[in-house]
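Chains as they are written, first to last, in my numbering: chain A, 1330 to 1467; chain B, 1058 to 1446.
A virtual CB, placed ideally from N, CA and C, is assigned to each residue, including glycine.
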Amino acid sequence: MSEQGEKKAPAVRRIFPPAVNEETEKFWKAAEAGKLLYGYCLACNEPHYFPRSFCPFCFSERVEWREASGTATVYSYSIMYRSPTGPYTIAYVELAEGPRVLTNLVDCDFKKIAIDAPAKLVWKPSEGGAPVPFFTLG
Amino acid sequence: MSIKGKAYVMGAFEHPTREAIGISTPQLHMQCTRGALEDAGLTKDDIDGYFCAGDAPGFGAMSMADYLGLRKLRHMDSTETGGSSYILHVGHAAEAIAAGKCSVALVTLAGKPRTSQGGGGPRGGGFAAAPEAAFEMPYGGTTHNQYAMCATRHMHEFGTTSEQLAWIKVAASHHAQWNPHAFLKEVVTVEEVLASPMIATPLHRMDCCVVTDGGGALIVTSPEVAKRLKRPKVKVIGAGEAPKGTYGGKVDLTYSGAAWSGPKAFAEAGVTPKDIKYASIYDSFTITVLMQIEDLGFCAKGQGGKFVSDGNLISGVGKLPFNTDGGGLCNNHPTNRGGITKVIEAVRQLRGEAHPKVQVANCDLAIAHGTGGSLGTRHGAATLIMERE
């Protein structure tokens, strides 16, 4: 790409602990166990993300939080060069279960990133909070 | 009830500063208010409606109303949709005027992201408490890379190219050369845009708007008030607004909320995109312009790249003269919010008061459209159609 950001920079962007509330506590508990949850509505059979206590499509509260397989494909991405900690990639990946999820593509060769490339779930620790879900190619 | 013909934009002022050293943000709001009042030929105590958004310091509309000494207010609105707020406010002001809730509405925007910290975001940690925060904030989303993801996807689905996006900046720069207040006045080429440093793939630095201090203000009045003023009459004939979001994971980055706000505004106005003589199109980034042009119906979805190429947006050259002040890409994007300057330049065009080099001949119908927030997650779209009377 360009000269900007290709020089050596502090390797890691800080991952601050995610804010947990009464509704999302279960999601972050599951994250501690390495499980990525998404919402599934038993009334209209639509999956959703980020998971909530109700279905954002039909407004039913008959929602189950299910474990995602962790496999996905890249929907879109951008490699960010305007960063004091070095380039990083923001992306939407489409979970095998359907929902498109905002994430970073980490631990991979930026040159290999492409739309529709397969991606899989990886967890990274946050600073004193629950681990945060990321994706990598493969 | 329609707002068509129920209100007029009778005052418009863009602060000439781009680096507001020695001026406070509230003071900028005051100076913009004074400028718009003088332009309209009204005084402070004529104002009975006040509209502001997240850039207004303090408590909703109340701190600024109190600071400015607005003692006759009987209507307030601090609807926050980021940079598009002020386009939306004109529509809301027209509604309030049509309902008899006020007759002289003031809209202000001002801030100092260039010379001091902050500017742009909502106050009071609104983003941190948002339901999506924990699921989005860890990923380093910024306006640059979120808008850039839209460009990546648009290129993938429709074959849009960086050269085509660059044409949008080139057109803006052709206009900015005539604006003595423009932050960037130099004409640039497609090659220069592509050679500028990569910020967030596929967007280069010159695909991004400027960061400037400053502000602007508008005065929207009832037909009765407009009748007794001496300025050319700019009639509000249609307005539309719509939020767009990530929809529980049904994310589609190829379109914006303009797909809904545009048709609503055109239907109310009773005109079509073909009738528009001048377009103010929010240009936080080049991709923003391209997607909004498609969504507003100036061309088919996916054809935006072709549409913006070869100078088609340059006044006197192309079919759709846009952002003849130089836009956010070259002229001004005060406090990281460009909505008010979009309305201001449309008003200049309709009055025949744009720079002669960029003035559109017989400009009797104009659109101002904005996207506030993030094109890549959630944003507020606002469309406004105005007619010279």
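Could you tell me the alpha carbon to alpha carbon distance between residue i and residue j, rounded to whole angstroms?
i: E1095/B; j: H1201/B; result: 37 Å
i: A1448/A; j: L1466/A; result: 4 Å
i: K1061/B; j: L1441/B; result: 11 Å
i: L1166/B; j: C1089/B; result: 8 Å
i: G1430/B; j: G1399/A; result: 30 Å
i: K1358/B; j: E1351/B; result: 5 Å
i: P1330/B; j: C1356/B; result: 9 Å
i: W1235/B; j: V1066/B; result: 24 Å
i: P1073/B; j: A1239/B; result: 9 Å
i: S1253/B; j: G1198/B; result: 22 Å
i: K1307/B; j: H1132/B; result: 38 Å
i: E1396/A; j: V1461/A; result: 15 Å
i: P1083/B; j: A1110/B; result: 13 Å
i: D1103/B; j: D1445/A; result: 58 Å
i: L1424/A; j: F1463/A; result: 12 Å
i: A1185/B; j: S1120/B; result: 23 Å
i: G1182/B; j: L1251/B; result: Annotation note: pLDDT 49 at G1182/B (below 50); position unreliable, no value reported.
i: S1331/A; j: L1260/B; result: Note that S1331/A scores a pLDDT of 41, beneath 50, so its modelled location is shaky and nothing firm can be said.
i: S1313/B; j: K1301/B; result: 7 Å
i: F1388/A; j: R1381/A; result: 11 Å
i: P1289/B; j: K1376/B; result: 25 Å
i: G1115/B; j: N1350/A; result: 28 Å
i: C1265/B; j: G1068/B; result: 29 Å
i: Y1419/B; j: I1333/B; result: Reading the sequence as shown, one finds Asn at residue 1419/B and not Tyr. Roughly 11 Å separates the two Cα atoms.
i: R1180/B; j: G1168/B; result: Note that R1180/B has pLDDT 43, beneath the 50 cutoff, so the model's placement of it is unreliable and the number below is only indicative. Taking the straight line from one Cα to the other gives about 13 Å.
i: E1189/B; j: T1303/B; result: 10 Å
i: V1430/A; j: K1441/A; result: 20 Å
i: G1409/B; j: P1376/A; result: 53 Å
Given a cut-off of 7 Å, decide if residue j and residue i are closer than it, judged by their beta-carbon atoms.
i: K1346/A; j: G1415/A; result: Strictly speaking, residue 1346/A in this sequence is Pro, with Lys absent from that position. No, the Cβ-Cβ distance between P1346/A and G1415/A is not below 7 Å.
i: A1138/B; j: G1362/B; result: It is worth fixing the name first, because residue 1138/B is Thr in this sequence and not Ala. In this structure, G1362/B does not lie closer than 7 Å to T1138/B by Cβ.
i: A1372/A; j: L1366/A; result: no
i: V1422/A; j: V1392/A; result: no
i: K1044/B; j: E1444/B; result: The structure shown has nothing for residue 1044/B, since chain B only spans 1058 to 1446.
i: T1398/B; j: N1389/B; result: yes
i: Q1360/B; j: H1426/B; result: no
i: Q1203/B; j: G1433/B; result: yes
i: A1348/A; j: A1191/B; result: yes
i: S1318/B; j: E1402/B; result: no
i: I1408/A; j: T1258/B; result: yes
i: S1341/B; j: S1160/B; result: no
i: A1326/B; j: I1294/B; result: yes
i: V1448/B; j: H1231/B; result: Residue numbering for chain B in the displayed model covers 1058 to 1446; residue 1448/B lies beyond these limits and cannot be assessed.
i: K1287/B; j: G1098/B; result: yes
i: Y1339/B; j: A1423/B; result: no
i: T1432/A; j: A1443/A; result: no
I'd like the list of long-range same chain contacts for residue i, defined as Cβ closer than 6 Å, with 5 residues on each side in sequence excluded.
i: H1022/B; result: Chain B is shown from 1058 up to 1446; residue 1022/B falls before or after that span and cannot be answered.
i: A1411/B; result: T1381, R1405
i: R1262/B; result: S1253, P1254, I1256
i: G1134/B; result: What sits at residue 1134/B in the sequence shown is Asp, not Gly. For D1134/B, where only same-chain residues beyond five positions count, the Cβ hits under 6 Å are F1108, H1149.
i: K1158/B; result: H1132
i: A1274/B; result: F1070, C1089, T1090, A1093, T1165
My assumption, with CB atoms under 8 Å, is that residue i sits in contact with residue j. Please give the rounded CB distance.
i: L1347/B; j: V1365/B; result: 6 Å
i: A1162/B; j: V1277/B; result: 4 Å
i: E1214/B; j: T1343/B; result: About 17 Å; that fails the 8 Å criterion.
i: G1384/B; j: A1229/B; result: 5 Å
i: G1396/B; j: Y1196/B; result: With 8 Å as the limit, G1396/B and Y1196/B do not qualify as a contact, their Cβ atoms being about 27 Å apart.
i: G1272/B; j: H1086/B; result: 7 Å
i: G1368/A; j: W1394/A; result: 6 Å
i: T1418/A; j: Y1410/A; result: That pair is no contact at about 11 Å.
Looking only at its own chain, which residues have a Cβ that is under 8 Å from the Cβ of residue i, when we skip the five neighbours before and after it?
i: H1076/B; result: Note on identity: in this sequence residue 1076/B is Glu, with His being the wrong assignment. Contacts found: R1171, T1172, T1269, D1270.
Can you find a heavy atom of the ligand MN that lies under 6 Å from the Cβ of residue i?
i: G1305/B; result: Summarising the ligand content, the structure contains no ligands, and the ligand MN is consequently not present.
Return the chain-ordered list of same chain residues with a C-beta closer than 7 Å to the C-beta of residue i, the five sequence neighbours on each side being excluded.
i: S1059/B; result: E1325
i: A1233/B; result: A1239, L1241, K1242, G1383, C1387, N1388
Practice item. Using a Cβ-Cβ cut-off of less than 7 Å, list which residues of the segment 1238-1264 of chain B approach chain A; keep chain order. Key: Within the segment 1238-1264 of chain B, the residues whose Cβ lies closer than 7 Å to any Cβ of chain A are, in chain order, P1254, M1255, I1256, A1257, T1258.
Point to revise | the segment 1405-1418 of chain A: positions lying closer than 8 Å to chain B by Cβ | key: S1405, Y1406, S1407, I1408, M1409, Y1410, R1411, S1412, Y1417
Review point. If contact means a Cβ-Cβ distance below 8 Å, which residues of the segment 1287-1311 of chain B contact chain A?
Key: T1303, Y1304, G1305, G1306, K1307, V1308, L1310
Point to revise | Residues of the segment 1186-1210 of chain B whose Cβ lies closer than 9 Å to any Cβ of chain A, in chain order | key: A1186, P1188, E1189, A1190, A1191, F1192, E1193, M1194, P1195, Y1196, G1197, G1198, T1199, H1201, N1202, Q1203, Y1204, A1205, M1206, C1207, A1208, T1209, R1210
Check your understanding: Name the residues in the segment 1437-1456 of chain A whose C-beta lies less than 8 Å from a C-beta of chain B; which are they?
Key -> I1444, S1455
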